[in-house]
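Asker: Take a look at the following structure, please.
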Amino acid sequence: MNVQKWKIINKDYLDYLRENYESRIPRTDYGNDKLKPFFGELMRVGDLAYVTQVSSAKPRHNKIKANIDFQKIIHNDVLIAVVNLNYMFPVPVSEMTDLEYGKIEEYVDFKNDTAKSKYIDLLKREMKYIKELPLENNARSLYALKYDKPEHVISKRCFDFKTLENGAHKWTEKLIK
C-alpha cells in the first residue's frame, strides 16, 4: 500500500550529503517563494527512510519509457512530471517532518492566498498520482538491483545507496556526540 507523504528534510543534512557523499542530492530551496518538497517513505533500511522528489517534465521525458527507476505522472494524456527513483536517498527519520498544508507558510512566502491555494492544489494533485505508481516495490527492486547487478545500466545511474546510508549514520552519530 502506497502511503507517500510530502516531507521537509533538514537543509543542513541535505548540504552534508551533497558536500561529502553525492553532489547530485536534489535541492529543496529555490528562494523564499518556492519549495520543492521530497516525498516518502519509499522504503526503510533500519532507522533510515528513503525519499525522492518529483521533477518537472521535459520534452525528452516523452521519449523515455517508464521503468523501475523512472516513472511518469500523466494528467489528461499530458506528461506533467516525472519521478527518478535512481536519485532516491536515505534520511534519518529524525531529520524529516511531514509537510502540513496548513503550515506551508513556514516554508514558502506566497504572494497571496490565491498563489498559496494553487500551490497546495498542485501538491495534492501530484500526490494523488504518486500514490498510484508502484514506487515502493520499484524502490526495493532498484535497491537490490544496484548491488546484485552493479554493472547493469540502471544500476550505474543510481546513487550509491549504501555509501549514503553510511553517511546518514555518521550524521546521526555526530548529533549524538
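Per our numbering, residue 7 is the first one in the sequence shown, and the count goes up by one each step.
For every residue, glycine included, the Cβ atom is placed at its ideal position computed from N, Cα and C.
Could you give the first and the last residue of the continuous alpha helix (DSSP H) run that contains Asn26?
Answerer: Residues 17 to 26.
Asker: Any idea what DSSP makes of Gly52, helix, strand or coil?
Answerer: Note: Gly52 maps to coil in three-state DSSP.
Asker: With burial defined as no fewer than 16 other Cβ atoms inside 10 Å of the residue's Cβ, what is the status of Asn144: buried or exposed?
Answerer: Asn144 is buried by the Cβ-count criterion.
Asker: Which whole-angstrom value describes the C-beta separation of Lys17 and Asp35, a residue pair presumed to lie in contact below a C-beta threshold of 8 Å?
Answerer: Yes, they are in contact, since the Cβ atoms of Lys17 and Asp35 sit about 6 Å apart, within 8 Å.
Asker: Nearest to His81 by CA position, among Ser147, Pro32, Glu132, is which residue?
Answerer: Answer by Cα proximity: Glu132.
Asker: Taking the alpha carbon of Thr58 as the point to measure from, which residue in Lys64, Asp75, Asn68 has its own alpha carbon closest?
Answerer: Closest option to Thr58, Cα to Cα, is Asp75.
Asker: Helix, strand or coil for Leu105 per DSSP?
Answerer: Coil.
Asker: Would Met7 be called buried (16 or more neighbouring beta carbons within 10 Å of its own) or exposed?
Answerer: Caution is warranted here: a pLDDT of 42 is assigned to Met7, below 50, making its placement in the model unreliable, and the coordinate value is therefore given only provisionally. By the neighbour-count rule (16 or more Cβ atoms within 10 Å), Met7 is not buried but exposed.
Asker: Using only CA atoms, which one of Trp12, Ile110, Lys64 lies nearest to Val88?
Answerer: Comparing Cα positions, the closest option is Lys64.
Asker: Is the Cβ-Cβ distance between Val97 and Leu54 less than 8 Å?
Answerer: Cβ distance < 8 Å, so Val97 and Leu54 count as in contact.
Asker: Leaving out five residues before and five after Ile126 in sequence, what residues of the same chain have Cβ atoms less than 6 Å from its Cβ?
Answerer: Cβ within range, chain order: Tyr107.
Asker: So, are the CB atoms of Gln10 and Gly46 less than 8 Å apart?
Answerer: Taking 8 Å as the Cβ cut-off, Gln10 and Gly46 qualify as a contacting pair.
Asker: Looking at the strands, I want to know which residues DSSP matches up with Asn46.
Answerer: Correcting the residue type first, residue 46 is Gly in the shown sequence and not Asn. In the DSSP output, where bridge partners are listed per residue, Gly46 has Lys11, Val57.
Asker: Just to confirm my understanding: we take Ser193, look at its own chain, exclude 5 residues before and 5 after, and list those with CB closer than 6 Å. What are they?
Answerer: The chain is shown from 7 up to 183; residue 193 falls before or after that span and cannot be answered.
Asker: Can you grab the Cα-Cα spacing for the pair Ile182 / Val84, in whole Å?
Answerer: Each residue's alpha carbon lies about 47 Å from the other.
Asker: How would you call Leu91, buried or exposed, if buried means at least 16 neighbouring beta carbons within 10 angstroms?
Answerer: Leu91 should be labelled buried.
Asker: Distance, Cα to Cα, Lys162 vs Lys71?
Answerer: Near 18 Å, if we compare the C-alpha coordinates of Lys71 and Lys162.
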